[in-house]
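First residue of the sequence shown: 6, per the numbering used here; consecutive thereafter.
Note sheet for the following structure.
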Amino acid sequence: MYKTKAYAAPSAIAPLAATTISRREPTDRDVQVEILFCGICHSDLHSVRNEWSEFMATTYPIVPGHEILGRVTKVGAAVTRFKPGDRAAVGCLIDSDRTCPQCKAGLENFCPNLTLTFNSPDKHLGGVTYGGYSDSIVVDERFVLRVPANLDPAGAAPLLCAGITTYSPLRRWGVTKGKKVGIVGLGGLGHMGVKIAHALGAHVVAFTTSPGKKEDALRLGADEVVVSRNTDEMQKHANSFDFILDAVSANHDINAYLNLLGIDGNLALVGAPAKPFAVSAFSLLMGRRCLSGSNIGGLPETQEMLDFCGAHNITADVEIIPIQKVNEAYERLLKADVKYRFSIDMASLKSE
Ligand code: NAP
Ligand code: ZN
């Protein structure tokens with residue numbers, strides 16, 4: 006074991022603060038990564054505040070962070086794909102059982118025994134896993150990803166969650182040229198959804214509650230922008246979408262979006278508010294519509310997404326912050342005030 010610096014929340018109501026955690030020394034198959042940038046996902050905030058207590062209760066202290074980009078500092082003897090000095094990335098998963106049908110199909114994200122990057126039982130050290138708000142992390146090679154060299158590191162970090170979480174459903178549900186696609190919520194996930202759906206060739210309509218984000222949405226790749234609080238603007242798109250991706254972090258009226266789907270249209274949820282939605286049967290019956298969901302992505306698809314982003318030169322639009330501003334950043338997330346992902350410059354942790 007070795008000690009490394011981190012930022013942790015000691016309880017659901019306390020701010021995050023500097024601390025020291027233990028990591029394992031790399032085993033034969035492990036890669037040790039010095040973390041350069043870590044994105045702030047709204048899931049970090051949901052977890053820190055234990056908002057998902059019914060589904061995955063938080064164990065404290067929690068060190069969040071699953072959008073990790075860094076440089077390899079050490080590898081175990083059996084590691085073949087990485088060497089010290091390489092750029093490397095880690096997303097939401099750091100282990101799985103590797104034997105279940107989902108793992109065999111490259112859908113480790115649906116493995117019943119998966120280990121999440123933070124707040125999962127730690128098989129090596131006991132306790133729970135600690136995430137990317139730290140100096141370094143040690144991960145089995147199988148769960149370490151390659152990031153194309155042309156991508157800016159601060160903007161590439163958020164691809165590891167916001168990128169794959171939007172890429173996976175857009176691909177799964179056949180988003181391509183000729184499809185009309187809605188993206189709801191212009192936060193970290195939503196703005197990646199707009200960029201990726203645009204790169205896939207779809208006609209993209211961005212839905213936002215923030216009129217001030219309209220111009221940005223067009224710049225990010227939307228063909229049209231709808232301020233969702235304006236019912237007339239919404240009504241113009243009734244029964245017209247092939248697919249809508251809902252990336253909103255809070256409860257909202259989902260029927261308003263279901264009613265925009267055409268026949269056999271599908272609305273996929275990636276946003277994860279803790280409270281259930283109220284769904285009108287008629288929103289689904291009319292037009293044989295589907296309501297579905299999607300959760301991050303498996304390792305092969307995450308690498309595919311990174312390569313796709315490399316080929317299309319796609320990264321997140323980031324506001325780079327020092328770790329000392331993380332609590333302020335959380336408050337801004339709650340106000341939908343981020344353009345469009347916070348990326349923590351981990352060098353700032355060295356001064357703690
Ligand atoms: P974020 O950056 O905070 O963005 C959320 C956006 O939702 C806001 O920018 C805002 O966009 C909109 N919004 C916020 N409050 C709203 C409200 N009351 N009514 C309507 N719209 C509202 O969050 P994120 O990191 O993108 O994450 C979004 C959600 O996805 C979170 O719940 C997160 O936990 C979840 N998530 C799920 C997965 C998965 O695998 N399924 C992975 C990562 C994250 P506008 O200003 O444009 O309205
Ligand atoms: Zn995330």
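Ideal placement from N, C-alpha and C gives every residue a C-beta, glycine not left out.
Practice problem: Pick helix, strand or coil for residue 327, following the three-state DSSP scheme. | Solution: Walking along the sequence shown from the start, residue 327 turns up at place 322. In the structure shown, residue 327 falls within a strand segment according to DSSP collapsed to helix, strand and coil.
Quiz item: When burial is assigned at 16 or more other CB atoms within 10 Å of the CB, is residue 256 buried or exposed?
Solution: In the sequence shown, counting from the first residue as 1, residue 256 sits at position 251. By the 10 Å Cβ count, residue 256 comes out exposed.
Quiz item: Is the number of C-beta pairs between the segment 317-326 and the segment 181-191 that are closer than 8 Å three or more?
Solution: Segments in contact, no.
Exercise. Using three-state DSSP, classify residue 317 as helix, strand or coil.
Key: Looking up residue 317 in the sequence shown gives position 312. Helix, per DSSP.
Practice problem: Please work out which residues of its chain come closer than 6 Å, Cβ to Cβ, to residue 254, disregarding the five sequence neighbours upstream and downstream, and give them in chain order. | Solution: Taking the sequence shown and counting its residues from 1, one reaches residue 254 at position 249. So the qualifying residues of the chain are 47 and 276.
Self-check item: The alpha helix (DSSP H) enclosing residue 92, as first and last residue numbers
Solution: Numbered from 1 along the sequence shown, position 87 holds the residue referred to as residue 92. Residue 92 -> not in any alpha helix (DSSP H); beta strand (DSSP E) instead, spanning 92-95.
Quiz item: Which two residues bound the contiguous beta strand (DSSP E) that contains residue 347?
Solution: If you number the sequence shown from 1, residue 347 lands on position 342. Residues 346-350.
Quiz prompt | Check: residue 136 C-beta below 8 Å from any heavy atom of the ligand NAP | solution = Your numbering for residue 136 matches position 131 in the sequence shown. For the ligand NAP, not one heavy atom lies less than 8 Å from the Cβ of residue 136.
Self-check item: N-terminal and C-terminal residue of the alpha helix (DSSP H) that residue 361 is part of
Solution: Look at the range of the chain in this structure, 6 to 357, and you will see that residue 361 is not part of it.
Quiz item: residue 28 bridges to which residues according to DSSP?
Solution: Position 23 of the sequence shown, counted from the start, is the residue given in the question as residue 28. DSSP lists 7 as partners of residue 28.
Exercise. Evaluate the contact criterion for the segment 237-252 versus the segment 194-204: three or more CB pairs, one atom per stretch, below 8 Å.
Key: yes
Quiz item: Under a Cβ-count criterion, where at least 16 other Cβ atoms within 10 Å of its own Cβ denotes burial, should residue 172 be classed as buried or exposed?
Solution: Against the sequence shown, residue 172 aligns to sequence position 167. When all chains shown are included, residue 172 counts as buried.
Quiz item: Can you tell me whether DSSP reads residue 388 as helix, strand or coil?
Solution: Examination of residue 388 is not possible in this model, given that the chain is present from 6 through 357 alone.
Quiz item: Does the segment 39-59 touch the segment 331-339, meaning 3 or more C-beta pairs lie closer than 8 Å?
Solution: When Cβ pairs closer than 8 Å are counted between the two stretches, the segment 331-339 is seen to touch the segment 39-59, the count reaching three or more.
Self-check item: N- and C-terminal bounds of the beta strand (DSSP E) containing residue 41
Solution: The sequence position of residue 41 within the sequence shown is 36, counting from 1. For residue 41, the enclosing beta strand (DSSP E) begins and ends at 35-45.
Quiz prompt | Rounded straight-line distance, which links the Cα of residue 99 to that of residue 247 | solution = Here residue 247 corresponds to residue number 242 of the sequence shown, with the count starting at 1. Here residue 99 corresponds to residue number 94 of the sequence shown, with the count starting at 1. Spanning the two alpha carbons is a distance of roughly 34 Å.
Quiz item: What's the gap between the Cα of residue 349 and the Cα of residue 236?
Solution: Taking the first residue of the sequence shown as position 1, residue 349 is located at position 344. Taking the first residue of the sequence shown as position 1, residue 236 is located at position 231. Computed Cα separation, rounded: 37 Å.
Quiz prompt | Spatial neighbours of residue 89 in its chain, beta-carbon cut-off 7 Å, leaving aside the 5 residues before and after | solution = Here residue 89 is taken as the residue at index 84 of the sequence shown, counted from 1. These residues qualify, in order along the chain: 77, 78, 79 and 80.
Exercise. Express the C-alpha separation of residue 206 and residue 28 in angstroms, rounding to a whole number.
Key: Position 23 of the sequence shown, counted from the first residue, corresponds to residue 28. Position 201 of the sequence shown, counted from the first residue, corresponds to residue 206. If you take the alpha carbons of residue 28 and residue 206, they lie about 43 Å apart.
Quiz prompt | residue 264 burial status per 10 Å Cβ neighbour count (16 or more: buried) | solution = The residue you call residue 264 lines up with position 259 of the sequence shown. Buried: at least 16 other Cβ atoms inside 10 Å.
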